[in-house]
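Here's the structure, in structure tokens; my notes come after.
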Amino acid sequence: MGDQIQFIVEKLNQEPFRKNYNLISFDSLESLQLLQLLSDVLGEIDPKHAVDIREELPEQTAKRMLNLLGIVKYKPPGTVSDLSAFRQGLVTGSKPVIHPVLHWLLQRTNELKKRAYLARFLVKLEVPAEFLQDDTVADFNKQYEELMEAFKNLHKEHEQLKISGLSTAEIRRDISAMEEEKDQLAKRVERLKKRVETVQNHQRMLEIARQLRLEKEREESLAQQKQEQKSQLFHAEQRLQRAQVQLKEMQHVVADSKPEGLMKKLEEEINFNSYLVTEKIPREMESKKTSVYFLQKVVAEPAMTQADLTALESEINEVNAQMNQLIEKRMMKYEPTDSKFSMYRQQASIISRKKEAKAEELQAAKEEMSSLEKQVEQKSSRAHELEGSEVLTEDEFKQYVNKLRSKNTFYKKKRLEMAGMTAEYGILQRTEELLRQRHEAVQQQLQAIEEKKGISGYSYTQEELERVSAVKSEMDEVKGQTLDNMSEMVKKLNAMVAEKKASLAPVIKELRQLRQNCQELTQECDEKKIQYDSCAAGLETNRSALEQEVKGLLEECAQEESNYRYIHCMKRTLEIQLQRAKEEMKAYVSPDPQERRRAVREQYTRIILEQENLGKKLREKQKVVRESHGPNMKQMKMWQDFEQLMECKRECFLKQQNQAAIGQVIQEGGKDRLVL
């Protein structure tokens, strides 16, 4: 209880209450002050309840508070008998009633604000059945329900937008940036209009530009249609392929099967489907319905605390223990015949569980097969989008495997040939190395012989001379051939240049004339372009003026149409009122008393009489309360004075006791000093 009061005081000292309470001052609040504090908290949740309770009767205050507490789904602690005590405590401002309510409200203020806001629009107004028989009232009630559903949808969209992260500041920044960009574009358009107005034939050029833009848009739309048709063609080809594959599978199945096998498969499938329809699916639906019912029941209950959860868990444990005891008693009371039946029941339950497990496995296998088929379709479509090869069928895959096998044998054969050539290359490399070693040995022997004879380096010099002479002869031959080739090439080039000059002379003359024509056409093009710009600017001004005129006419048309609809609705309303007035007059004038009782005038007359009687009773009750209010207030004041008097006596008594104790201590101290 102390933690509860401390939490209430902390929340009340914060925004938006700012009460500056402490534990003592809060605990010393009177009942009227507690009720005003509860009314302030409820007013923070729903602004309609921010009232001064001194300006309304206690019954009205209690009714208003109970109404809002019912809307926010506050569940008073205790049983039905305690509910009356709760209402009485709420009227009198009892602390054991007000404190838990304040604690519960302050724990979830934001959530309750939202709930109270929604209750203003979602608490359905109950209309009596006799009034719903009127067509007008029924139509209004239907419109009321439709508007309520529309409000629910709009509120959900609003919450989703709030969760999505879009802030108003970002939207405002985007709007301001778009407005600035719009102003810049408008200024640019004005400048372009002024520039174009000076150009000749700008109208014709604007028309040509408009046609060009329309043709480009048409080209884009045609390209988009072409792409859509390609995708449709691709999907149609895929469907055709799947249909062909299914046809092949069905033909294969039909070719390999017999009528007896097909009938057996159909019977198995029918039995499985009938089991699903008659046993499995109804059981699952029943379990789902029960779970949904319990979930709705849980949602309808108010928010539960940890203490409520622990109480429910303990109750569940007690019920489970009782169930186990009853089961044990029942098993102990079984007779032998019952034991036999129980054995059969166990076998039947085991078989039914196995049957359910197999049915679930079969259903899971079917779902897995369908998901795999969808994945295959997605993979094939993705492969086609990436311009890859299409998915192979079974026959094409077999042909592909046979090709791979033939290529594999060819690869192995070539690999063997490469291995033989590699071995032969190694042998030749080894032979070359041996010959090089033998040549080096012969050269060393030859050098040794030359040194002995005194002519060292003779063989090397001889080889170099032979090599140089061979190179010189080759170079001479190459130079002779090169000179001959160059002379022939020069002759050919001179002949080709002469031929090209002769052939290009008329072309050069034509080119000169074409250059002159190009300059003239360029000048004419510039002039036409200037005319086109001026024409486009003029057409743009005319178009904007026409758009403004059309916009004004459309607005006028919309206004006239709204006026027509308003007049039509008023006419319809007046006709309905006239019809009701005629029916009312007919019923009022009718000699039949039953018919006359159905008249609205008679109904309202009865209601007025009832309300007048109720008002008389309430005024008499108010008169009694006012007469007894003065004596009651005097009696309450006397009790308060008596309470203050008793409190003063208690304090005086306590002070007297404290002084007597202090005097006794002082006397004892004096005696001790005398003894010393």
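In the working numbering, the protein residues as written are 16 to 691.
Note that the Cβ used here is the ideal one computed from N, Cα and C, for glycine as well.
Alpha-carbon spacing of residue 339 relative to residue 333, whole angstroms | 10 Å
So, helix, strand or coil for residue 512, using DSSP?
-> helix
Is it right to say residue 23 is buried, meaning 16 or more other beta carbons lie within 10 angstroms of its own, or is it exposed?
-> buried
From residue 533 to residue 570, what does the alpha carbon distance come to, in whole angstroms?
-> 53 Å
CA-CA distance, residue 246 and residue 257?
-> 16 Å
What runs of the beta strand (DSSP E), each 3 residues or longer, lie entirely inside the region 50 to 134?
-> none
How do the region 235 to 252 and the region 576 to 590 stand: do at least 3 beta-carbon pairs fall below 8 Å, yes or no?
-> no
Starting from residue 30, follow the alpha helix (DSSP H) in both directions and report where the run begins and ends.
-> Run containing residue 30: none; DSSP gives neither H nor E here.
Continuous beta strand (DSSP E) assignments of at least 3 residues falling wholly in the region 241 to 314 = none
Pair within 9 Å by beta-carbon distance, residue 116 and residue 27 = no
Residue interval of the alpha helix (DSSP H) (run including residue 607) = Note, residue 607: premise wrong, no alpha helix (DSSP H); not H, not E.
Cβ atoms of residue 218 and residue 553: under 9 Å apart, would you say?
-> yes
With 16 other Cβ atoms within 10 Å as the buried cut-off, status of residue 64 | buried
Rounded to the nearest angstrom, how far is the Cβ of residue 134 from that of residue 60, given a contact under 8 Å?
-> Actually they do not touch by this definition, with Cβ atoms about 10 Å apart.
Going along the chain, which residues of its own chain have a beta-carbon closer than 6 Å to the beta-carbon of residue 146, five neighbours each way excluded?
-> 152
At which residues does the alpha helix (DSSP H) containing residue 38 begin and terminate?
-> 38 to 42
Alpha helix (DSSP H) segment containing residue 145, residue limits = 144 to 147
Determine the DSSP secondary structure at residue 35, reduced to helix, strand or coil.
-> coil
Same chain only: Cβ atoms within 6 Å of residue 50, ignoring 5 sequence neighbours per side = 68 and 108
Determine the contact status of residue 381 and residue 290, defining contact as a CB-CB distance below 9 Å.
-> no
Does the Cβ of residue 435 have 16 or more other Cβ atoms within 10 Å, making it buried, or fewer, making it exposed?
-> exposed
Rounded to whole angstroms, what's the CA-CA distance from residue 491 to residue 506? Just pull it up for me.
-> 23 Å
Output yes or no for whether 9 Å exceeds the beta carbon distance between residue 549 and residue 175.
-> no
Collapsed DSSP secondary structure at residue 8 in the structure displayed | Nothing in the structure corresponds to residue 8, since the chain is present only between 16 and 691.
Cβ atoms of residue 105 and residue 81: under 9 Å apart, would you say?
-> yes
Within 10 angstroms of the Cβ of residue 260, are there 16 or more other Cβ atoms? Answer buried if so, exposed if not.
-> exposed
In terms of alpha-carbon separation, which member of 55, 20, 513 and 29 lies closest to residue 42?
-> 20
Residue 76, buried or exposed, once every other Cβ within 10 Å from all chains shown has been counted against 16 = buried
Check whether residue 223 and residue 547 have beta carbons under 9 Å apart = yes
For residue 646, does the count of other Cβ atoms within 10 angstroms reach 16, so buried, or fall short, so exposed?
-> exposed
Can you find at least 3 beta carbon pairs, one from the region 525 to 540 and one from the region 192 to 210, that sit closer than 8 Å?
-> no
In angstroms with no decimal places, state the Cα-to-Cα distance between residue 202 and residue 558.
-> 17 Å
C-alpha distance - residue 588 paired with residue 597, whole-angstrom precision | 14 Å
Taking residue 139 as the reference, give the member of 164, 126 and 504 with the closest Cα.
-> 164
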